[in-house]
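This report concerns only the one structure given below.
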Amino acid sequence: MIESIKEHTPDIPFSVGQFFWAVIFFISALLIIKYLTQFLEALAERWTNLRLTVKRLIPVIRIITWTMTFYVILVNILTLQMQTLIAFTASAGIAIGFAAQDILKNIFGGLMLLLDRPFQVGDKIEAGGHYGEVVQIGLRTVRIVTPDDNLVSIPNGEVMNQAVSNANAGEPNCQVVAEFYLPPEIDIPRLKKIAYRAAAVSRYVYLNKPIAVIIKNEVHEARSMLKMRLKAYVLDIRYEFPFASEMTETVIQELLQQRLVTPDQMAAVVEAKKK
């Protein structure tokens, strides 16, 4: 009876002890990756000049560490033979492929993002209807922090199948645009000087790139108005919105103080723009 059971029982390629140490090794690797990621993120915030460089290393280190972990578990701890490993991988791949097509699509998308690099950790992107800073490129999702400090996870498969806008493309600085709607009778030369100075004197401005003031005429509800776009570069993408706010406040304050516009004119233009 016992011999008959043994004959029909498939050989287990590893022992209970090996399985135990495999689990211990996996948990250890999980903790190492977790604390190493936290250490590198803290280091990136301390080294301002190398912040983006250090953050971009994190997903690469995670992928390499997990690959080495699974290799050590399968080959060194469980001591699976190459033929057994290939057969197991093929069988598992077919089963998982049918059961988790979306997950595999996202994992493949994550690998393609790391290789193709349309954006990196630290970039400001717009994807899936969300805009924010990329804080993690994982195997399944891309995580971004929005201006409202919300953490948004976008599946890699969706990111790969849509257009992605990148504001800084790997650089610490990015362009910031402040828009203004003004009455058409305003003194344009003085307006441009005020706008340029508002950007140039800001503590957030990156002066190695140009400041531009663009003015064009628009018509809303049969009312003519000027649309001014003040373009300048912020020295660190984290100050994008404080920089835009500061430029807006400075320009409006100067226009009112120098009496180039009145509060009633500003209110009338805003009201016409809403219609």
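Quick note on the working numbering: the sequence shown kicks off at 930 and runs consecutively.
Note that CB positions come from ideal geometry on N, CA and C, so glycine has one too.
Source: prediction; values computed, not measured.
Among residues of its own chain, excluding the 5 on either side of residue i, which ones have a beta-carbon nearer than 7 Å to its beta-carbon?
i       : result
TYR1125 : ILE1140, VAL1142
GLU1175 : SER1131, TYR1133
GLU974  : ARG980
GLU1087 : GLY1057
MET1041 : MET1089
ILE1002 : ALA951, PHE954, PHE955
Output the distance between the C-alpha atoms of residue i and residue j, rounded to the nearest integer angstrom.
i       : j       : result
HIS1059 : VAL945  : 48 Å
VAL1106 : SER1094 : 15 Å
ALA1127 : MET1157 : 13 Å
ALA1196 : GLN1186 : 16 Å
GLY1038 : ALA1092 : 14 Å
LEU1080 : VAL1071 : 10 Å
THR1179 : PHE999  : 57 Å
ILE1073 : ALA1173 : 20 Å
GLU1183 : LYS1053 : 31 Å
GLN1104 : GLN967  : 29 Å
CB-CB under 8 Å to residue i, same chain, minus the five flanking residues each way: which ones, in chain order?
i       : result
PRO1113 : ASN1146, SER1153, MET1154, LEU1155
LEU1043 : PRO988, VAL989, ILE992, ILE1066
LEU969  : VAL983, LYS984, LEU986, ILE987, ILE990
Could you check if residue i is buried or exposed, using at least 16 other CB atoms within 10 Å of its CB as the buried criterion?
i       : result
PHE949  : exposed
GLN1049 : buried
PHE1109 : buried
TYR1168 : buried
Under 6 Å Cβ to Cβ from residue i, same chain only, skipping five residues before and after it: list those, please.
i       : result
GLU1200 : none
LYS1138 : TYR1162
PRO939  : Here PRO939 scores only 47 on pLDDT, less than 50, and its place in the model is too uncertain to base an answer on.
Per DSSP, residue i forms a beta bridge with which residues?
i       : result
PRO1084 : THR1070
GLN1065 : ARG1072
ALA1196 : According to DSSP, ALA1196 bridges with nothing at all.
TYR1060 : GLU1055
Secondary structure, alpha helix (DSSP H): runs of 4+ residues fully inside the region 1095–1180: 1117–1129
Counting only runs of 4+ residues fully inside the region 943–1015, write out the alpha helix (DSSP H) ranges in chain order. 945–975, 980–1000
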